[in-house]
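Take a look at the structure set out below.
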Amino acid sequence: MFEARLVQGNLLKKVLESLKDLLTEASWDCADTGIQLQAMDNSHVSLVSVQLRADGFDKFRCDRQLSMGMNLTSMSKILRCAANDDIITIKAQDQADNVTFVFESPNQEKVADYEMKLMNLDQEHLGIPETDYAAVIKLPAAEFQRIIKDLSQFGESVVISCTKEGVKFSAAGDIGVGNIKLAQTASVDKEEEAVTIEMQEPVTLTFACRYLNMFTKATCLAPQVTLSMSPEVPLVVEYKIGDMGHVRYYLAPKIED
Amino acid sequence: MSKQASILSFFNRR
């Protein structure tokens, strides 16, 4: 038997919003430690990894490990039926071919349940090597979303360049060139407005706007986003899910032909 | 010109 109850059900709604443009189907791997998802987009350019720790749920029971293959478009449709303040419970029997989502209003006066068929997905998991990143940049998630949206007008790619002076985002195309520089903030009233850079060595990498734009669908999840970069390895874009886990996107760089 | 790399060139299949 698997049962996970989340009073802050809107976190799950936001997680689905962050995934549905990039992935059409994926498996949720459930264990007594929590729920995990790892999947590549269809083009195998990016990888998404989601972790929801058991202790972040208000009730969590997972008697035996199970992998629930789901059509994420369908799951997203169902989660859109939950109100932002609804309590969400996910339930499945062992070896079941369906999953049930229960939405309770905070006053318990409205209860809805939706059943969805599970899929048999033969998904491969990738081993992500432990990496000490050359540069780790933390910035407001809304700022990152704005930068990517603005620069996407100029070209298909964004160059992210991190030095000890700050981080520079650049794009070039037919209409011209755009450059946005962010310096590390000296002092801020609110921690979530800060730009912080931890740098071991300068690093410059080029990434496809299309994917970065899809990653910023997770902006609703967290006030800050963390970008981790090292020469010639995938970029990591991480958003925290409250204090119960994270959504991490890995994006392969563009390389010189 | 730059070319898009695949994530599979960096992470191994388990």
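Chains as they are written, first to last, in our numbering: chain A, 8 to 264; chain B, 771 to 784. Backbone N, C-alpha and C define an ideal beta-carbon position, used for all residues, glycine too. In this text the structure is predicted, and so the values were computed from the model without any measurement.
Q.
Just verifying my parser: in three-state terms, what is the DSSP assignment at A/Leu79?
A. Here residue 79 of chain A is taken as the residue at index 72 of the first sequence, counted from 1. DSSP places A/Leu79 in helix when its eight states are reduced to three.
Q: State yes or no: is the C-beta of A/Thr40 within less than 8 Å of the C-beta of A/Arg60?
A: To locate residue 40 of chain A, count along the first sequence from 1; it is residue 33. To locate residue 60 of chain A, count along the first sequence from 1; it is residue 53. Yes, these two residues count as a Cβ contact at 8 Å.
**Q.** Residue from A/Ser56, A/Ser83, A/Ala103, A/Asp65 whose Cα sits closest to the Cα of A/Arg71
**A.** Indexing the first sequence from 1 puts residue 71 of chain A at position 64. The shortest C-alpha to C-alpha distance from A/Arg71 to any of A/Ser56, A/Ser83, A/Ala103, A/Asp65 is the one to A/Ala103.
Q) Within this structure, are the beta carbons of A/Gly173 and A/Lys197 separated by less than 8 Å? A) Along the first sequence, read from residue 1 onward, the residue named residue 173 of chain A stands at position 166. Along the first sequence, read from residue 1 onward, the residue named residue 197 of chain A stands at position 190. No.
Q. Taking DSSP as the reference, what is the three-state secondary structure of A/Gln130?
A. As a working mapping, residue 130 of chain A is identified with position 123 in the first sequence. Judged by DSSP in its simplified three-state form, A/Gln130 adopts coil rather than helix or strand.
Q.
Is it buried or exposed, A/Glu111, if we count other Cβ atoms within 10 angstroms and call 16 or more buried?
A. What you label residue 111 of chain A is simply residue 104 of the first sequence in a count that begins at 1. Buried, by the Cβ-count rule.
Q: Give a yes or no on whether the minimum CB-CB distance between A/Asp139 and chain B is below 8 Å.
A: Start at 1 with the first residue of the first sequence, and residue 139 of chain A comes out as number 132. Not an interface residue.
Q: Check whether the Cβ of A/Asp70 lies closer than 7 Å to any heavy atom of the ligand ADP, and answer yes or no.
A: Ligands are entirely absent from the displayed structure, and the ligand ADP is therefore not among its contents.
Q | Nearest-angstrom Cα separation, counted from A/Tyr218 out to A/Val229 | A | Here residue 229 of chain A corresponds to residue number 222 of the first sequence, with the count starting at 1. Here residue 218 of chain A corresponds to residue number 211 of the first sequence, with the count starting at 1. The sequence given here places Ala at residue 229 of chain A; Val does not occur at that position. Those two C-alpha atoms are separated by around 19 Å.
**Q.** Anticipated Cβ contact below 8 Å, A/Ala46 with A/Met77, distance rounded
**A.** Against the first sequence, residue 46 of chain A aligns to sequence position 39. Against the first sequence, residue 77 of chain A aligns to sequence position 70. Contact doesn't hold; Cβ gap of about 11 Å is too wide.
Q | Proximal chain B residues relative to A/Val240, where beta-carbon distance stays under 9 Å | A | Translated into the one-based positions of the first sequence, residue 240 of chain A becomes position 233. Ordered by position in chain B, the residues that pass the 9 Å Cβ test against A/Val240 are Phe780.
Q | Sufficient close CB pairs (3 or more, under 8 Å) joining the region 237 to 256 of chain A to the region 153 to 164 of chain A | A | Counting Cβ pairs under 8 Å, fewer than three are found: no touch.
Q | Nearest-angstrom Cα separation, counted from A/Glu208 out to A/Arg87 | A | In the first sequence, the residue the question calls residue 87 of chain A occupies position 80. In the first sequence, the residue the question calls residue 208 of chain A occupies position 201. Going by the C-alpha atoms only, they are around 44 Å apart.
Q.
Please report the distance separating the alpha-carbon of A/Glu292 from that of A/Met8.
A. No statement about residue 292 of chain A is possible, as the shown extent of chain A runs from 8 to 264 and does not include it.
Q. Would A/Lys117 count as contacting chain B if we go by Cβ distances under 8 Å?
A. Here residue 117 of chain A corresponds to residue number 110 of the first sequence, with the count starting at 1. Cβ-Cβ to chain B under 8 Å: no for A/Lys117.
Q. Hey, A/Pro113 and A/Asp92: beta-carbon distance below 8 Å or not?
A. Here residue 113 of chain A corresponds to residue number 106 of the first sequence, with the count starting at 1. Here residue 92 of chain A corresponds to residue number 85 of the first sequence, with the count starting at 1. Cβ distance < 8 Å, so A/Pro113 and A/Asp92 count as in contact.
Q. With a cut-off of 8 Å, does the C-beta of A/Thr40 fall near any C-beta of chain B?
A. Numbered from 1 along the first sequence, position 33 holds the residue referred to as residue 40 of chain A. It does not: the Cβ of A/Thr40 has no partner Cβ on chain B nearer than 8 Å.
Q | DSSP three-state assignment for A/Cys227, whether helix, strand or coil | A | Position 220 of the first sequence, counted from the first residue, corresponds to residue 227 of chain A. In the structure shown, A/Cys227 adopts helical secondary structure according to DSSP, grouped into three states.
**Q.** Distance between A/Ser83 and A/Ile97 (C-alpha atoms, nearest Å)
**A.** Locating residue 97 of chain A in the first sequence gives position 90, counting from the first residue. Locating residue 83 of chain A in the first sequence gives position 76, counting from the first residue. Going by the C-alpha atoms only, they are around 13 Å apart.
Q: Identify, in the order they occur along the chain, each residue of the same chain with its Cβ nearer than 8 Å to the Cβ of A/Arg68, setting aside the five sequence neighbours on each side.
A: Counting from 1 along the first sequence, the entry for residue 68 of chain A is found at position 61. For A/Arg68, where only same-chain residues beyond five positions count, the Cβ hits under 8 Å are Met8, Phe9, Glu10, Ala11.
Q | Chain-ordered chain B contacts of A/Lys261 [CB-CB under 8 Å] | A | In the first sequence, the residue the question calls residue 261 of chain A occupies position 254. When 8 Å is used as the limit between beta carbons, A/Lys261 is near these residues of chain B: Ser772, Lys773, Gln774, Ala775, in chain order.
(Q) Checking 8 Å against the spacing of the C-beta atoms, do A/Thr233 and A/Glu245 come in under that value? (A) Walking along the first sequence from the start, residue 233 of chain A turns up at place 226. Walking along the first sequence from the start, residue 245 of chain A turns up at place 238. Using a Cβ distance threshold of 8 Å, A/Thr233 and A/Glu245 count as a contacting pair.
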